[in-house]
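4 protein chains.
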Amino acid sequence: MASRVKVAIVGASGYSGEELVRLLLAHPRVQLAAVTSRQYVGKSLAEVFPKFSQYATARALRFSEPDAAKLAKAAKVVFLALPHGVAAEFAVPLLKLGCRVIDLSADFRLNNAAVYKDFYNHDHPAPELLAKSVYGLPEVYRNKIKSAKLVASPGCYPTSILLPVLPLLRKGLVKPTGIIADSLSGVSGAGRKAEQDYLFVECNESVRPYGIPKHRHLSEIEQELTIAAGEPVVIQFTPHLIPVNRGILTTLYLAPEKHFADAKAMAALNEKVSACYQAAYAEEPFVRLLEGKALPDTKNVVGTNVIEIAWRLDARTGRLIVMSAEDNLVKGASGQAVQSLNILCGFPETAGLI
Amino acid sequence: MASRVKVAIVGASGYSGEELVRLLLAHPRVQLAAVTSRQYVGKSLAEVFPKFSQYATARALRFSEPDAAKLAKAAKVVFLALPHGVAAEFAVPLLKLGCRVIDLSADFRLNNAAVYKDFYNHDHPAPELLAKSVYGLPEVYRNKIKSAKLVASPGCYPTSILLPVLPLLRKGLVKPTGIIADSLSGVSGAGRKAEQDYLFVECNESVRPYGIPKHRHLSEIEQELTIAAGEPVVIQFTPHLIPVNRGILTTLYLAPEKHFADAKAMAALNEKVSACYQAAYAEEPFVRLLEGKALPDTKNVVGTNVIEIAWRLDARTGRLIVMSAEDNLVKGASGQAVQSLNILCGFPETAGLI
Amino acid sequence: MASRVKVAIVGASGYSGEELVRLLLAHPRVQLAAVTSRQYVGKSLAEVFPKFSQYATARALRFSEPDAAKLAKAAKVVFLALPHGVAAEFAVPLLKLGCRVIDLSADFRLNNAAVYKDFYNHDHPAPELLAKSVYGLPEVYRNKIKSAKLVASPGCYPTSILLPVLPLLRKGLVKPTGIIADSLSGVSGAGRKAEQDYLFVECNESVRPYGIPKHRHLSEIEQELTIAAGEPVVIQFTPHLIPVNRGILTTLYLAPEKHFADAKAMAALNEKVSACYQAAYAEEPFVRLLEGKALPDTKNVVGTNVIEIAWRLDARTGRLIVMSAEDNLVKGASGQAVQSLNILCGFPETAGLI
Amino acid sequence: MASRVKVAIVGASGYSGEELVRLLLAHPRVQLAAVTSRQYVGKSLAEVFPKFSQYATARALRFSEPDAAKLAKAAKVVFLALPHGVAAEFAVPLLKLGCRVIDLSADFRLNNAAVYKDFYNHDHPAPELLAKSVYGLPEVYRNKIKSAKLVASPGCYPTSILLPVLPLLRKGLVKPTGIIADSLSGVSGAGRKAEQDYLFVECNESVRPYGIPKHRHLSEIEQELTIAAGEPVVIQFTPHLIPVNRGILTTLYLAPEKHFADAKAMAALNEKVSACYQAAYAEEPFVRLLEGKALPDTKNVVGTNVIEIAWRLDARTGRLIVMSAEDNLVKGASGQAVQSLNILCGFPETAGLI
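Protein chains in written order, with numbering that gives the first Met the number 0: chain L, 0 to 353; chain P, 0 to 353; chain F, 0 to 353; chain H, 0 to 353.
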């Protein structure tokens, strides 16, 4: 495996970390060289996750304490799958030691430390890095990711909202005001935390909104929408918890810039929306534009790095409804991070992801 | 059981029908005197639904062919738990024979046969009855239900939308324009139909929108919102299917009539919304207004006739978010129908429902 | 509510405790006078469990610290819904203060302190009470329960095994050797513990055996089987965790005392088994013997105090297969405890349970 | 793709068929050249299953009517994913036309047409082929599969029982009498049939036994156990339906040939069992022997071709408990069929499966 790129995962025992392990063990161009987890120090990957024991690497590789110096020796690229606030502690020394870092937390997604403080309720731990990090949404920032030292991989909700909305905003097809994103997330989005709210019995046969009206992910969503619109965008975002392991379904309520008074105008607008999405995503390997009667369904994307997008114009209300479905742990987290790795390393972008 | 009111159920083997059976077997003031189901003619309730076999009535009562004359002999009040279009066929003769009818289908919910045709794609089967039927939402039409011959019990989605929105519209606290209702429904809402889309494997670990943008229930929702607003109301409604047996969670996006520019104005508006809901529902036995931090959760209403309502003002967007949770088969169907029965018969409104 | 019997629940915030609250709030003959929970001291039942807020008692009654003297003043009968080992701490003083105690833990189910130590790995905390406690399986010990000061309400697995097997053993229809009980339990059986193993994502889409081969409940199961058989009985018991909230399905593999060499002998034996069950349970309000082709299904008992039982003789293997289904939180815990309360207080045995 | 082996699937729209499509589209050594489904004739794979639309083959390949002559032209190897009885209709002409056939139905798994009739209630449709077919359990019949014209791929239950039991029987470590297999299956095992029993609402929050005591799969299970034991074996088998999409968990109750009277004898026997399994499976890529405290869990095998096996000796009962977990659609159906394809074509056995 000499020619493979050596990578490490800090925080490999949470759901995103475990999903990174799954993807990187099977990745044809990388060697998983180090995994850390305070809880499991000394145990092999195969012991903690028997399902990976088919891989020789999983049988041999043991969890270690997170130590930047050792990680930098072991790996060229380090993934951080840590809570926000903690990720920065590792990013700083790792970057100094010459590693490239792909951070799955929220620590480096914002350009502005003040916005970070407003939404995360503490000072940003390393504001000097904000200007250097690249928001790791490959469909938007592919070129910047290529040379990035620090990739801030987007959150699951933001991905499900940004990919459908950005092209429409950029083309001026929808108004930047009044946008509503109503999202339904599987329980793995809450992480592998032993909290009562996420017990099976509390989640099964239950559906509930939470974190309204000011969810933390709004900060990065609005930052990117604002860039696309060229003017400040504030949106409504309502997350709900639903009893599935994985998957996010987002329904977006948008106001077209042009009213469509009749069937002809509606058909014309529909054509424009279609052309806009085709231009943006026809060549993208991980965006599936649904045609005809199909609507997004999380079961069709779970386990894959694909986001499904469909839309409908409503003649009665004049609105454009756009819906997306993704796996919150893949396109919404670890798969997207591996996509950035592929770009960063010059691999085919789909390596290890199809 | 001589002094009990005799009731019958036409179509007692679907999910709403079965739920009616459950509620009526345990009801202290009624006697379940007849149940029909073409599929199960000749079998006892206990044979088809072993879980009811603790009741002597369930062991004795057999499913019969639906026959208006026999039903009218057997029962004073007849529940119709049938598909739309079919219910009218039974309502007409049953009313002529002197029965009071509580219809759980959509057949008599609309005042206007043209709207019916627009949304249901066929002529209304008995337009002459539309003027006589009462929309069976007890919190709104209690007085009319008392003397109604024909109660059109509301659908599950409409109930989840109307109860939260009507008081606000009546008080002029929110604008009648731009209303969005995003609803999540358990699979029993689709009925006990052997269709591939509703197989366990197709629904489990799946979340999906459907029936957009013009769901049939919009017709009755907009009719009632229009009455409350005193002007035509058109809303956006997006239903989603989620993998729970029962429960509807609706998130409503509303625009307050008055902008709230600062914290003080927001507190004042919040006070008004609270007062509005208290005035409307404080005495209602089946409406639970959530105070403090609690948000609706379907698991807290499943199996009961209660609808939970909570709201939040969003200082960032200026919107009022209202959320409701109900059991689609109880408050959204059979429980509400029994509530109407109680009103109609002069029983305590909570009889058999708490 | 002056004439109602006052009852208290110690440990009312776990799943069994919450289920007791549900049943006792609706019980026509009792007044819930005190509930304790260290976690929620000072909060009302309605605050902690909004779903009970329809009851005035739930709005008024606040969780208190568990204090035997205060509990004894407040209530005549006290339910203990506590972990084993802890329950005894409360039972001792409460009994001294004249309360009658219904304990849902394992502390007083065994007659023999040495067996307790063998299975629970610590000395019994109050061995002097073992001789006085009554095993609270009403179908077996109804008469003793009437006058019991201390009822040891059976566990969920034991109930699902004992009710089907005891009559057969007593009649000598099956051998007391080689019995196998294979049980599938919903996740609420693990209690409301914030442990990683019981997170939604860890349980959903997962089925797994656990606690084999020497589960603690074996001690009480074998004690009662031994009494019925009149000779020492040791059985095989394998519990599995399945992704449902509630319900236990137990499949029992039994060897008939008499071989059935041909169809006639098989029919004769089947007749005997049927007669045995009819004699034992035909009059029992909470045992449903399934006839014909029906097999037990947890969904038909969830939320009720009923256990379903069915059986099949297998001509190929000569075995008798018996299957049972119950709600682990009702007939397997809180419902059964209320059944004992009814017996103890001279109420109709079904009061508050149908 | 000239050098790839061309394969076809007859019956590609059921769950096994769809899983074959998934595996074969991603397989590095084959070209999916034809798929049939009467229901979807003329539609592309991508239209029917949008989740496959990332593959060019899925966008291009259209479902056709099943026609043996055309299939034989298009493909060298044909998979039959059809109901039993129907598969034989296609196997006969396809074999004559020179195709190699991998049949996922039960049609060619038995050596004896009389046994087939006894269990499937109709005459075998092509008894002359029974002697030529190879039972496609690679861990047992690898050498025969290499040159087989007709592979009868085993059922999901049989695989979950045979792989754990066969080595023990062959080594004489357990008695061939009194074997009990208690199995829990996900709902996809029932196929994509629009029947009421498999609706989401009927399966969710439900656990139930079915098909007892004489399930059809017993015929092939007992055939293979008999071969391994060298004497007729009759077993007890109880399948249960549990609310997961995929996965079978089987718990086996076995009697060791030698009693283990004390801890030393038990340790010795444990050693023998371990050695037996190591000898049989240490080199098998798709059998995972669990060591230490780990027990099988379906969530660790779902989506993979792996079967997990663990065992425990019970000092109290003298029994050996063996547990297995597999994905019923992969190792229990389509994955195993692809494993046979790999053997048959001389590919690495793990091609397209890891």
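Positions of the beta carbon are idealized from the N, C-alpha and C atoms, including for glycine. If you're wondering where the values come from, they're calculated on a predicted model, not measured in any experiment.
Beta-bridge partners of residue i, as assigned by DSSP
i: residue 369 (chain F); result: Past the edges of chain F, shown from 0 to 353, lies residue 369 (chain F), and the structure says nothing about it.
i: residue 85 (chain P); result: Residue 85 (chain P) pairs with nothing; no bridge assigned.
i: residue 309 (chain F); result: F:322
i: residue 90 (chain F); result: Answer is none; residue 90 (chain F) lacks a bridge partner.
i: residue 43 (chain P); result: P:61
i: residue 133 (chain H); result: H:150
i: residue 100 (chain P); result: P:77, P:149
i: residue 7 (chain P); result: P:33, P:77
Min CB distance residue i to chain L below 8 Å
i: residue 98 (chain F); result: no
i: residue 191 (chain F); result: yes
i: residue 14 (chain F); result: yes
i: residue 298 (chain P); result: yes
i: residue 179 (chain P); result: yes
Any chain P beta carbon closer than 8 Å to residue i
i: residue 248 (chain L); result: yes
i: residue 186 (chain H); result: yes
i: residue 287 (chain L); result: no
i: residue 183 (chain L); result: yes
i: residue 353 (chain F); result: yes
i: residue 0 (chain F); result: Model confidence at residue 0 (chain F) stands at a pLDDT of 45, short of 50, so the residue's coordinates are unreliable; what they give is reported in the following sentence. No, residue 0 (chain F) lies away from the interface with chain P (no Cβ there is under 8 Å from its Cβ).
Burial state of residue i (16 or more Cβ within 10 Å)
i: residue 96 (chain F); result: exposed
i: residue 99 (chain H); result: buried
i: residue 232 (chain P); result: buried
i: residue 433 (chain F); result: Any question about residue 433 (chain F) goes unanswered here, given that chain F covers just 0 to 353.
i: residue 245 (chain F); result: buried
i: residue 176 (chain F); result: exposed
i: residue 40 (chain P); result: exposed
i: residue 201 (chain L); result: buried
i: residue 263 (chain F); result: exposed
i: residue 102 (chain F); result: buried
i: residue 278 (chain L); result: exposed
i: residue 257 (chain F); result: exposed
CA-to-CA distance, residue j to residue i, given in whole angstroms
i: residue 261 (chain L); j: residue 313 (chain L); result: 11 Å
i: residue 191 (chain F); j: residue 243 (chain F); result: 14 Å
i: residue 210 (chain F); j: residue 104 (chain F); result: 18 Å
i: residue 294 (chain H); j: residue 249 (chain H); result: 12 Å
i: residue 171 (chain H); j: residue 227 (chain H); result: 9 Å
i: residue 53 (chain H); j: residue 59 (chain H); result: 11 Å
i: residue 305 (chain F); j: residue 158 (chain F); result: 11 Å
Chain F contact for residue i (CB, 8 Å cutoff)
i: residue 305 (chain P); result: yes
i: residue 362 (chain H); result: The question about residue 362 (chain H) has no answer, for chain H in this structure spans 0 to 353.
i: residue 295 (chain H); result: yes
Residue i at chain H interface by Cβ criterion, 8 Å
i: residue 308 (chain L); result: no
Requested in this report: Anything in the region 188-222 of chain H with a Cβ closer than 7 Å to a Cβ of chain P? List those residues in chain order, please.
Outcome: 191, 193, 194, 195, 197, 198, 199, 200, 202, 203, 204
Requested in this report: Could you please tell me which residues of the region 233-247 of chain F, in chain order, have their CB closer than 8 Å to any CB of chain H?
Outcome: 233, 234, 235, 237, 239, 241, 242, 243, 244, 245, 246
Query - Members of the region 43-74 of chain L that neighbour chain H once the beta carbon cut-off is set at 7 Å - result: 49, 50, 52, 53
Query raised in the report: Which residues, taken in chain order from the region 317-341 of chain P, show a beta carbon closer than 9 Å to some beta carbon of chain L?
Result: 318, 320, 322, 324
Report task. Closer than 7 Å, Cβ to Cβ, to anything on chain P: give me those residues from the region 251-263 of chain L, in chain order. Result -> 252
**Report entry** Against chain H: residues of the region 83-107 of chain L by CB proximity under 9 Å
**Finding:** none
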